[in-house]
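Residue numbers (this note's numbering): 278 to 883. Here the structure is laid out as structure tokens; the discussion comes afterwards.
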């Protein structure tokens, strides 16, 4: 059951919600996550096997069962649960707040407590205002580095799929003229940014990381991107992504694989791998990603930056069709929390043409109860949390201890039922949603995706419905936790592993790799926010020794909040940023491939 909800146990100013789950504790069951036994296939055998799998029903059915997707049938309690297909839950605001500009009050957002590793939005704005640099000079300095269409591809061009030089220079020139006239549109005017190829952008094609054409024939730009454009940003182009967003490496044999700026023996993470690369390498201060199963938070984690997956339905990508309707959202990645905040607040401008987005209050105008929540509580599910590798656990636990000892956060034990089964239900759901977009036509896709989509499309209706029943049960349990512990933040590592090493070497980059065990392991924590619609943030808190190559591997912590509580995540993210720079020896690492855009732009104009 879903409805408008208000917590009667607190004051009359407590947050009210539309479509809030009925707060109800789930069953208390022991955590059990048996080891998976999916085969790892790579190289030429993968190419041949993918052709066979995509054409043989009995093999697809076997692999579907082997993945454990039929396990939900044995959960007897689901017989009494109604399925829930949409995880959107909206905090209800006063009508006067619904149309407030998302940038009001944020023109002076600054980086706090950070060592100068990256050039922030505030740095760009100051340079433009003072006349030290111009948006045109910055664009001209960046274009040779990112273009694929020149006689020689730029050294960072693998992160990009397409750059429209004419449009980039036009936007930069217009911004330069506004600064010369002393009339910039705001702090974002002239800031170089880029967007994942999952959204629509006028003047650009869209391929979703495939060899196919998914371009919007009307030439439309997605709502959230248009909001950035209205603030004067200079969009450098479309960013690389894992084909169809269907894994977490950003291994893309068709379009090229951007390697981790911190260590080129590791993946960037995906599917927003191009987005994370562009930020981590210093090319842009923030950029747009999309997240259906950790695709913002995992690459943010692997590349040592910040990533926010907003509440489901909050950021409108209209008229772009969603690849994963009930699990996917668009959101920002950034080099620091101040930039993540302002990027998010503009992206999340309510869209009157989108039923769910229109209901949300303007970003930055959460309910008074959420704004004034003085008690900050961290909930940790110990059995789940402890599955992370030792280096990851140590880094995340040190950050939690800082929040507890120095900032007064209370740390409590929580439990969430059916976590392994919930991850299976999420995987089954997102594979079914993307398979419905492809409609069974896997021709021309990479071998791993031929396998994934062929197997995912075998989900029977009864099992899909079981997954949606489990979604409802978990959402009701989470509502119970949030009502019992107001202001609760659920904390885990972002991934249980420190990075994803490219174990197959160049062959994996040429042919792709199918490693279902590692994919599921990699998504062990992130899936919960996608499946239940919660907002979730990844922040860097440490570094691990690499298995190979130079450069330590970033480790991220993940904080997940109640529906609509992005402000609480942003506040916690700033506290974690303070920890990174004040307590961690060396603070935030700068990748060896980092680009000093200011220096390049200054040299070009001198």
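We put the CB at the ideal spot given by N, CA and C, even for glycine. This one's a predicted model, so the numbers in the text were calculated from it and none came from an experiment.
Sequence-distant residues of the same chain with beta carbon closer than 6 Å to residue i, five excluded per side
i           : result
residue 633 : 365, 590
residue 753 : 298, 299, 301
residue 696 : 661
residue 358 : 746, 749, 750
residue 475 : 567
residue 500 : 593, 595, 628
Contacting residues, own chain, Cβ-Cβ under 7 Å from residue i (five flanking each side not counted)
i           : result
residue 822 : 829
residue 569 : 522, 600, 601, 604, 605, 707, 807
residue 857 : 817, 818, 864, 865
residue 852 : 680, 684
residue 723 : 520, 530, 531, 789
residue 285 : With a pLDDT of 34 at residue 285, under the threshold of 50, the predicted position of this residue should be treated as unreliable, though the coordinate-derived value follows. Closer than 7 Å at Cβ, skipping near neighbours: no residue.
residue 757 : 300, 301, 302
Cut-off 8 Å between Cβ atoms - residues of its own chain near residue i, not counting five sequence neighbours on either side
i           : result
residue 777 : 525, 526, 543, 544, 546, 579, 795, 799
residue 314 : 343, 794
residue 881 : 414, 417, 418
residue 432 : 422
residue 441 : 480, 481, 514
residue 874 : 396, 415, 418, 419, 469, 559, 560
residue 355 : 349, 743, 746, 747, 750
Separation of residue j from residue i, as counted between CA atoms
i           : j           : result
residue 368 : residue 640 : 11 Å
residue 389 : residue 307 : With a pLDDT of 48 at residue 389, under the threshold of 50, the predicted position of this residue should be treated as unreliable, though the coordinate-derived value follows. Spanning the two alpha carbons is a distance of roughly 42 Å.
residue 479 : residue 445 : 12 Å
residue 693 : residue 342 : 25 Å
residue 702 : residue 466 : 43 Å
residue 782 : residue 824 : 13 Å
residue 788 : residue 732 : 19 Å
residue 461 : residue 502 : 19 Å
residue 699 : residue 449 : 46 Å
residue 538 : residue 820 : 14 Å
residue 745 : residue 759 : 21 Å
residue 514 : residue 305 : 49 Å
residue 556 : residue 612 : 6 Å
residue 294 : residue 319 : 47 Å
residue 841 : residue 848 : 14 Å
residue 516 : residue 498 : 15 Å
residue 664 : residue 719 : 35 Å
residue 623 : residue 361 : 30 Å
residue 317 : residue 486 : 23 Å
residue 774 : residue 834 : 11 Å
residue 598 : residue 860 : 43 Å
CA nearest to the CA of residue i, picked from the options
i           : options            : result
residue 736 : 570, 339, 294      : 339
residue 325 : 791, 343, 685, 302 : 791
residue 397 : 564, 473, 534      : 564
residue 309 : 662, 878, 814      : 662
residue 494 : 849, 481, 434, 447 : 481
residue 550 : 539, 534, 869      : 534
residue 443 : 417, 456, 697      : 417
residue 331 : 728, 469, 847      : 728
residue 350 : 771, 739, 846      : 739
residue 878 : 710, 401, 529, 484 : 401
residue 626 : 506, 711, 574      : 506
residue 562 : 311, 849, 584      : 584
residue 656 : 762, 772, 464, 406 : 762
residue 832 : 779, 673, 785      : 673
residue 621 : 631, 588, 629, 597 : 588
residue 764 : 464, 775, 838      : 838
residue 812 : 631, 608, 635      : 608
residue 803 : 785, 772, 827, 810 : 772
residue 785 : 573, 597, 869, 528 : 528
Which residues DSSP lists as bridging residue i, in chain order
i           : result
residue 359 : Its beta-bridge partners do not exist; DSSP assigns none.
residue 687 : 654
residue 770 : 834
residue 872 : Partner(s): none; residue 872 has no beta bridge.
residue 473 : 516
residue 543 : 778
residue 820 : 831
residue 567 : 607
residue 584 : 610, 815
residue 848 : Looking at the DSSP assignment, residue 848 forms no beta bridge with any residue, so it has no partner.
residue 319 : 790
residue 369 : 293
residue 536 : 544
Cβ of residue i within 7 Å of any chain D Cβ
i           : result
residue 477 : Reference to chain D is not applicable here, since this structure consists of a single protein chain.
*Would you be able to state if there are at least three C-beta pairs under 8 Å between the region 609-616 and the region 701-721?*
Too few Cβ pairs lie closer than 8 Å, so no.
*Is the region 678-698 touching the region 329-337, taking contact as three or more C-beta pairs under 8 Å?*
No, the region 678-698 is not in contact with the region 329-337.
*asked:* I'd like to know if the region 418-431 and the region 452-461 are in contact, where contact means that at least 3 CB-CB pairs between them fall below 8 Å.
replied: Verdict: no, contact absent.
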